[in-house]
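**Student:**
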Amino acid sequence: MGLPRSAAWLLSTLLLLQQTLVEAQNATRAGNSTIAAGNSTKSAAGSAKTSKAPKKAVVVPANTLENWRLVRAIVYTWVAMVVCLAIYVLCVQINRYIRTAACLNNETQRYFNEPPWLYGSLKKHLIDAPLFRTRHHREFRLSRAIDMGTLPSRAQLLFLVLYIGMTVLLTTFHIDYSAPRAKVQVYLMKRTGLLAILNMLPLFLLAGRNNPLIYWTGITFDTYNLIHRWLGRITVGEMVTHAIIYIIKKHDAGGFPAFGKAIRTSTFNQSGLVAASAATLIFILAASPVRHAFYETFLTIHILLAVTVLAGTWMHMDGYVRQRMLLKGIIAIWCIERGFRMIRIIYHNTGNGGTTAEITALPGDAVRIKMRLARPWTFSPGQHAYIYLPRVGWWQSHPFSVAWSDEDEEDTMSDKDSLPSTKLDIIERRHDNIYFVIRRRTGFTEKLWHKAVAAPGGVFTTKAYAEGPYNEQKLHSYGTVLLFAAGIGITHQVPHVRDLVRGYSQGTCAARKVVLVWVIQSPEHLEWIREWMTTILSLPGRREVLKIMLFVTRPKNTKEIYSPSSSVQMFPGKPNWQAIVDQEVAQAIGAIGVSVCGGGAVSDDIRRACRSWMGKVNIDFEEESFSW
């Protein structure tokens, strides 16, 4: 999804949220006005009949008004955070654009090799820093089947601690604890219930693949997925606290028999119990070992339970106008995201015979998917798409990096009505065929591999659907680009290599040095991308800008390890990441961009090597990962 569409999606979401708050505020005012009008009428009638003292006016409780003031404050805080991050991303993009323009005819780019003041240290110690020394994306495993998850980064942990602390503070803020016990319980019940519903707004927004904040704030889907999980835990905590306080309140009034009677005789209480129970079950099933071991089953149950929570909460809030306004906003966010997803799938995969996929078995337990799109899309390096193959898994969709694309014979300019005026007028190419390379693992990928191997000639064709493309990663502004890949992670880096080599020869990017480092277990893995690398190696200017280093960790014999040329070198064993980074940084031209796609341990080691240079040179670290 491009920036204009994400902007429209974000704008509609913010307008919907604003409308929800306005309607909730109007409902509060209308309630106060109705009560006040009723009291005035009664007072006037009473004065006409008798001179008795007027009755005391009934108003909305102060704690209820205080709760909604907190709601507005929280929402304004969220909006302010998004705006600040969007401004930061805009400044970064402007800086990169200026750097690209300034470096097109600059072969040394010394000015941009210097680290920005203070920013390098901030990246080293906070933005790109793991929680402790090195470990961040490397999983904690009790066994091959039991995955305990990963550690957050320092920046992620800082945000989570601040948000959890804010939630605890707002839950207990401005409550008169000197009031009778029953009143305090009512105050806390209202507060926890309202905050639980309020936290569902970002919870459902961040769950979507079309989350517009990814494009506006520059934060990755991986990080938003982490925040989504913790928002879910916070929401469940608020709901369970709400339920426990209610149980205690009923127990104080008449013991557990009173609580049992309240559940049996009240739809209000029954629906609340259903919502809280479903939320608790989500919390249990979302534990990392369960989620990773049975992801497809977990995802289906997760969605069904989320619908149950929404339905139960909706029934529980019968008669609560303002809370239902928020619930309408939550339901609208979910429906808009799902609807937008379906529209994209239908648009890109219908007409012209539909989208089809040709699956070919490859050496090294992998398959290549050649997907012929019903409608071509504009492809950029770093993009991924979700693949639907009904014959393999009819209800499943999985994200994979787009490894390659076939171009039309003619290029089309971004501005259809004018010729390019500068070298920065980027050419957009629309593609009919996109390619994926998928390594055999478990579940969907294993079933796909077996089906390809069993097919005649190791090839079969089937109906397919592609959802995307999502995200992109621009490396045009860096004079030196280091691309690291481990195993199947090469699919993320190949489009960058082609894009940068072509940009160098056409004079449309700042790159003067591109280094690709790929670690594989066996030379047969070279077959995954051999055809595409042959195309890249034949591009004009390739020898001046591109260097390839291949590391084979498990060669069958030493004869398999040979270097075709000085620019394409092959080595046995595992690489020394720190030594490679040190060598390339010492010889770098201009700003340095580092991209990593591989296992968690590889990403962590390369991050450590890059952090040792942050504050000394201008180096940016980016990693591609799909975590669930």
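For the sequence shown, this note's numbering assigns the number 103 to the initial residue and increments by one for each residue that follows.
Cβ coordinates follow ideal geometry from the N, Cα and C atoms, glycine included.
1) Mapping the DSSP letters down to three states, classify Tyr190 as helix, strand or coil.
2) Would you decide whether Trp436 is buried or exposed? Buried here means 16 or more other CB atoms lie within 10 Å of its CB.
3) In three-state terms, what does DSSP make of His276?
4) Just to confirm, is the Cβ distance from Gly700 to Val599 under 9 angstroms?
5) Alpha helix (DSSP H) containing Thr547: first to last residue?
6) Does the Cβ of Arg174 have 16 or more other Cβ atoms within 10 Å, making it buried, or fewer, making it exposed?
7) Would Ala566 pass as a contact of Tyr490 if the rule is Cβ separation under 9 angstroms?
8) Whether or not the segment 383-394 and the segment 240-251 are in contact is what I'm after, with contact meaning three or more pairs of Cβ atoms, one per stretch, closer than 8 angstroms; do they touch?
9) Ile540 CB to nearest chain D CB: under 9 angstroms?
10) What is the C-beta distance between Ile67 and His404, in whole angstroms, given that I count them as a contact (C-beta under 8 angstroms)?
11) I need the straight-line Cα distance from Ile316 to Ala188, nearest angstrom please.
12) Please list the terminal residues of the continuous alpha helix (DSSP H) segment that includes Trp679.
13) Measuring CB to CB, does Tyr580 end up less than 9 angstroms from Ile650?
14) What is the rounded straight-line gap between the Cα of Gly374 and the Cα of Thr343?
15) Decide if Lys226 is buried, meaning its Cβ has at least 16 other Cβ atoms within 10 Å, or exposed.
16) Give the single residue among Gly362, Pro666, Ala557, Val683 whose Cα lies nearest to the Cα of Val583.
17) Does the beta-carbon distance from Glu209 to Arg614 come in below 9 angstroms?
18) For Thr337, which option in His353, Arg293, Asp722 has the closest C-alpha, if you only look at C-alpha atoms?
19) Whose C-alpha, out of Ala408, Phe358, Phe546, Asp722, is nearest the C-alpha of Phe50?
20) Assuming Val603 and Arg632 make a contact with CB atoms under 8 angstroms, what is their CB distance in whole Å?
21) Can you give me the Cβ contacts of Trp506 inside the same chain, cut-off strictly under 6 angstroms, excluding the 5 residues immediately before and after it?
22) Just to confirm my understanding: we take Glu629, look at its own chain, exclude 5 residues before and 5 after, and list those with CB closer than 8 angstroms. What are they?
23) Among Gly605, His276, Phe242, Gln485, which has the Cα closest to the Cα of Leu648?
24) Quick check on Cys699: does DSSP put it in helix, strand or coil?
25) Under 8 angstroms: do the segment 226-242 and the segment 709-727 share three or more Cβ pairs, one atom per stretch?
26) Taking C-beta to C-beta, are Ala568 and Ala487 nearer than 9 angstroms?
27) Are the segment 307-321 and the segment 265-272 in contact at 8 angstroms, needing three or more beta carbon pairs?
28) From the DSSP output, which residues share a beta bridge with Ser667?
29) Return the chain-ordered list of same chain residues with a C-beta closer than 6 angstroms to the C-beta of Ile447, the five sequence neighbours on each side being excluded.
30) Are the CB atoms of Thr457 and Met473 nearer to each other than 9 angstroms?
31) Indicate whether Ile349 and Phe361 have their beta-carbon atoms separated by less than 9 angstroms.
32) Compare the Cα-Cα distances from Arg543 to each of Cys193, Gly589, Pro558, Ala556 and report the closest residue.
33) If you compare alpha carbons, which of Phe442, Val185, Pro304, Ser624 is closest to Arg335?
34) Just how far apart, CA to CA, sit Val379 and Thr563?
35) Which one of Arg198, Gly320, Leu167 has the shortest CA to CA distance from Met766?
36) List the endpoints of the continuous beta strand (DSSP E) containing Glu460.
**Tutor:** Based on what the coordinates show:
1) Helix.
2) Buried, because 16 or more other Cβ atoms sit within 10 Å of the Cβ of Trp436.
3) In the structure shown, the three-state DSSP call for His276 is coil.
4) No, the Cβ-Cβ distance between Gly700 and Val599 is not below 9 angstroms.
5) Thr547 -> alpha helix (DSSP H) spans 546-556.
6) It is exposed - the Cβ of Arg174 has fewer than 16 other Cβ atoms within 10 Å.
7) Going by C-beta atoms, Ala566 is nearer than 9 angstroms to Tyr490.
8) Flag = yes, the segment 240-251 and the segment 383-394 touch.
9) In summary, chain D is missing from the structure at hand, where a single protein chain is found.
10) As shown, the chain starts at 103 and ends at 730. That puts residue 67 outside it, with no answer to give.
11) Ile316 and Ala188 have their C-alpha atoms roughly 10 angstroms apart.
12) That run of the alpha helix (DSSP H) goes 679-688.
13) No. Outside cutoff.
14) So the alpha carbons of these two residues sit roughly 12 angstroms apart.
15) Buried.
16) Ranking Gly362, Pro666, Ala557, Val683 by Cα distance to Val583 puts Val683 first.
17) Yes, these two residues count as a Cβ contact at 9 angstroms.
18) When His353, Arg293, Asp722 are compared, the shortest CA-CA separation from Thr337 is found for Arg293.
19) The structure shown does not extend to residue 50, since the chain spans only 103 to 730, so no value can be given for it.
20) Contact check for Val603 and Arg632: beta-carbon distance about 17 angstroms, past the 8 angstroms limit, so the pair fails to qualify.
21) Closer than 6 angstroms at Cβ, skipping near neighbours: Tyr537, Trp634.
22) Counting only Cβ-Cβ distances below 8 angstroms, and skipping sequence neighbours, we find Leu464, Pro465, Gly466.
23) The option with the nearest alpha carbon to Leu648 is Gly605.
24) Three-state DSSP puts Cys699 in a strand.
25) Output reads yes: the segment 709-727 touches the segment 226-242.
26) Against a cut-off of 9 angstroms, the Cβ pair of Ala487 and Ala568 comes out as a contact.
27) The segment 307-321 vs the segment 265-272: no contact.
28) Paired residues: Val670.
29) Hits under 6 angstroms: Tyr567, Glu569.
30) Their beta carbons are under 9 angstroms apart, which means Thr457 touches Met473 by this criterion.
31) Result yes, Cβ atoms of Ile349 and Phe361 sit closer than 9 angstroms.
32) The candidate whose alpha carbon is nearest that of Arg543 is Gly589.
33) The candidate whose alpha carbon is nearest that of Arg335 is Pro304.
34) Per the sequence shown, residue 379 should be read as Ser rather than Val. In a straight line, the C-alpha of Ser379 is about 45 angstroms away from that of Thr563.
35) As shown, the chain starts at 103 and ends at 730. That puts residue 766 outside it, with no answer to give.
36) That run of the beta strand (DSSP E) goes 458-464.
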